[in-house]
Structures are given as structure tokens and as C-alpha cells.
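Step one of this worksheet: look at the structure below.
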Amino acid sequence: MGISLQSNFVIIYTQMLILILSVNGQQQYLNNQQLNCDESNVSVSKGYYCDGIQRSCASFLTFRSRPPHYDSPETIATLLGSDATKIASINNVSTTTNYKFDADKIVIVPITCSCWGSLYQHVAPYKVNAGDSYFIIANNTYQGLTTCQALDGQNFYNSESLQVGAQISVPLRCACPSQNQMANDHVAFLLSYIVTWGDSVSSIGQVFGAHVQTIVAANNLTEDDLIFPFVPLLIPMKSESCLENPANLLCSCPNGQYAYVLEDGRICASQDKNNEAFPLKLVTILGVGL
């Protein structure tokens, strides 16, 4: 009887903690635990908790171009389950030629982030290659956008018995803004950024126009905490009026779409064949050496 009551208390306490973190927009930072494939902590290693406010949302990933296999809008779209035309448009490159990104160039990748059970994910299909393991797929091929623990939980195959040519599902880490983030901080979406050597929360914030305080809060960190290379960091991207803050990465147009700002003033422009406007100021993000 005592054991049952204790178990129920643990379950209730855990659910309350998840609710508090979700409402406030805090997601647990991975903290380099993805390198231990025996780690089974779902909250840390398998994805961000779905808070139930938004079951699905537009989101973005960053991916560093890796010639010769993943260096074009088409090959990156196939790997990440995105759309090549949208990748080309948002990164301001040609959609009509076989464009190749420079090696190690950061590519912004639009995705749809959805709740799968209790976790946010964007699932991409992947065909197993010779020498692959869940660790290699997660940390080399997908550059830390997923984990070996998440792959193991998503697929029937054991990591040691992966068959060349087998197709597996790759759950990519993403999240939707919480109710508080949208209402209080005007967050439009969360971008999953893969940290690299030399990065700091401050330098990342400068690139994406995000305040240090909002980044550390979104990842349940403090300003003194270390961040690790090849570990995703959620970047809250704000939506503000163009008149309120024309220098911000995002600004809202009267028709509800997002705009990017050039020197000659505000522009509300669609950039792809589906007449969709991407919520990024390309001249800012793509002009800082990413």
C-alpha cells in the first residue's frame, strides 16, 4: 500500500513539474547526455515535452552543409524531411539550378513540429548506410538534431543490428512556443540551433536577435551554465511591429505575414511558389557569416 502511494506521488509530482516547465516555456537542456546511448531519461534524451497548448507549429532547424552528400537544398531537404524549394528560398539561393552550399555553411531549414505522444518531434525518413549505428546517425549524419536514445525508442531495429538499406524514422528535436512565451514575450517560433565550437549564448543571441535571458529561460539554463558543441539550443524568435522595432529579425505586416526589412523600408514579400512568406530577415541572418 505504501509503495503504491509513493509511486502515485512520484507520478503526480512529475506531471506537475512537466506542466510548470511547459507553461513557462522552459525545456530541459540536453547537457551533453546524448553521448551516452544507455541514458534513458525521456525528458532529456528523447525530445522536448509537448505542452498541449500547440499540438503543431511551424519551426526551423539549423544544419551545417556537409559536401559531398548534404550540401544542396535537395539533399538537405531529403535528409531532414523538409522542402527543397522552401530551403532555397529562405536561404536566398537559386531554386532553378543545382545550387551547392559552401562547406560548413549554416542552412536554415523550415519544418513542421508536432506532438508525438508526450514529445515534440519532426520525423524524417532515413535509409541506413554501411557502418551506421544510432550514435553515428544521431551525432554525425544529423549533427545532434536527434539522439541515439530517441532513435532507439522510435524504431524496431537494435543499433547493433541495423541492416544496410533499411529505412528508419528519425525524430528531430523541435518545440513550439508556450502560451507564456507567445503572450508575454511575443515569441513567434522556436529555432533549434546546433551549437559549435566558440559559440556562447551571447554570440548566438546576437546572430538571431534574441536576448540572452530569453534563450537561457527557454532552455532551463542560467547565464553561468556551460553550453556544449553539437547540442541543440532552442532560440526564441520574436514577432514585433515593424514600427516598434524595425531592426528586429521579425516584424509583423498588416496582413499578418512576416516581413524582412531592407534599407529602403518595410517589405512584405512572398518568396516561394506557394505564396508563403518566411519569418526571417534574410539580410540579417545570412549576412553575418553563418
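According to mature numbering (1 follows the signal peptide of the UniProt record, and there is no 0), the stretch in the sequence shown is residues -25 to -1, 1 to 265, in order. Using N, Cα and C, we set each Cβ at its ideal position, and we do this for glycine too. Keep in mind that this is a model prediction, so the values were computed, not measured.
Assuming T72 is part of the alpha helix (DSSP H), what are its boundary residues?
On the sequence shown, position 97 is the one that residue 72 refers to. Looking at the DSSP string, T72 is not in any alpha helix (DSSP H), and its letter there is neither H nor E.
Terminal residues of the alpha helix (DSSP H) in which Q181 lies:
Mapped onto the sequence shown, residue 181 falls at position 206. Looking at the DSSP string, the run of the alpha helix (DSSP H) that includes Q181 is V176 to F183.
Would you check if the distance between the CB atom of V187 and the CB atom of V139 is smaller than 7 Å?
On the sequence shown, residue 187 is found 212 positions in, with the first residue counted as 1. On the sequence shown, residue 139 is found 164 positions in, with the first residue counted as 1. Cβ atoms of V187 and V139: not closer than 7 Å.
Would you call the region 140 to 154 and the region 120 to 128 in contact, with 3 or more CB pairs under 8 Å?
yes
Beta-carbon within less than 6 Å of Q154's beta-carbon, same chain only, minus the 5 sequence neighbours each way: which residues are those?
Working through the sequence shown from its first residue, we reach residue 154 at position 179. Hits under 6 Å: I28.
What does the alpha-carbon distance come out to for the pair N114 and G173?
Numbered from 1 along the sequence shown, position 139 holds the residue referred to as residue 114. Numbered from 1 along the sequence shown, position 198 holds the residue referred to as residue 173. Between N114 and G173, the C-alpha separation is close to 18 Å.
Through-space distance from D200 to S57, alpha-carbon basis:
Mapped onto the sequence shown, residue 57 falls at position 82. Mapped onto the sequence shown, residue 200 falls at position 225. Computed Cα separation, rounded: 32 Å.
Helix, strand or coil, according to DSSP, for Y132 in the structure here?
Locating residue 132 in the sequence shown gives position 157, where the first residue counts as 1. Coil, per DSSP.
DSSP state of Q96 mapped onto helix, strand, coil:
Locating residue 96 in the sequence shown gives position 121, counting from the first residue. Correct three-state label for Q96: strand.
Mind checking which residues open and close the beta strand (DSSP E) that includes L54?
Start at 1 with the first residue of the sequence shown, and residue 54 comes out as number 79. That residue, L54, is in no beta strand (DSSP E); its alpha helix (DSSP H) goes P48 to L55.
Specify, as a first and last residue, the run of the alpha helix (DSSP H) that Q154 falls within.
Taking the sequence shown and counting its residues from 1, one reaches residue 154 at position 179. Its alpha helix (DSSP H) spans residues Q154 to D160.
By a C-beta neighbour count over all protein chains shown, 10 Å radius and 16 as the cutoff for buried, is A99 buried or exposed?
As a position in the sequence shown, residue 99 is number 124, starting the count at 1. Looking at its Cβ environment, which holds 16 or more other Cβ atoms inside 10 Å, A99 is buried.
Same chain, Cβ closer than 6 Å to C32, neighbours up to 5 away in sequence not counted:
Start at 1 with the first residue of the sequence shown, and residue 32 comes out as number 57. Correct list, in chain order: C88 and C151.
Kindly list the residues whose CB is nearer than 6 Å to the CB of Y101, restricted to its own chain and excluding five residues on each side of it in sequence; keep chain order.
Walking along the sequence shown from the start, residue 101 turns up at place 126. These residues qualify, in order along the chain: I143 and V145.
What three-state label does DSSP hand K213 in the structure shown?
Locating residue 213 in the sequence shown gives position 238, counting from the first residue. Residue state, collapsed to three classes: strand.
Which word fits I169, buried or exposed, when buried means at least 16 other C-beta atoms lie within 10 angstroms of its C-beta?
As a first step, residue 169 is located in the sequence shown; it is residue number 194 there, counting from the start. The residue is buried, with at least 16 neighbouring Cβ atoms inside 10 Å.
With 16 other CB atoms within 10 Å as the buried threshold, where does F131 fall?
Within the sequence shown, the letter at position 156 stands for residue 131. Classification of F131: exposed, given that the 10 Å Cβ count is below 16.
Terminal residues of the alpha helix (DSSP H) in which V103 lies:
On the sequence shown, position 128 is the one that residue 103 refers to. Note, V103: premise wrong, no alpha helix (DSSP H); not H, not E.
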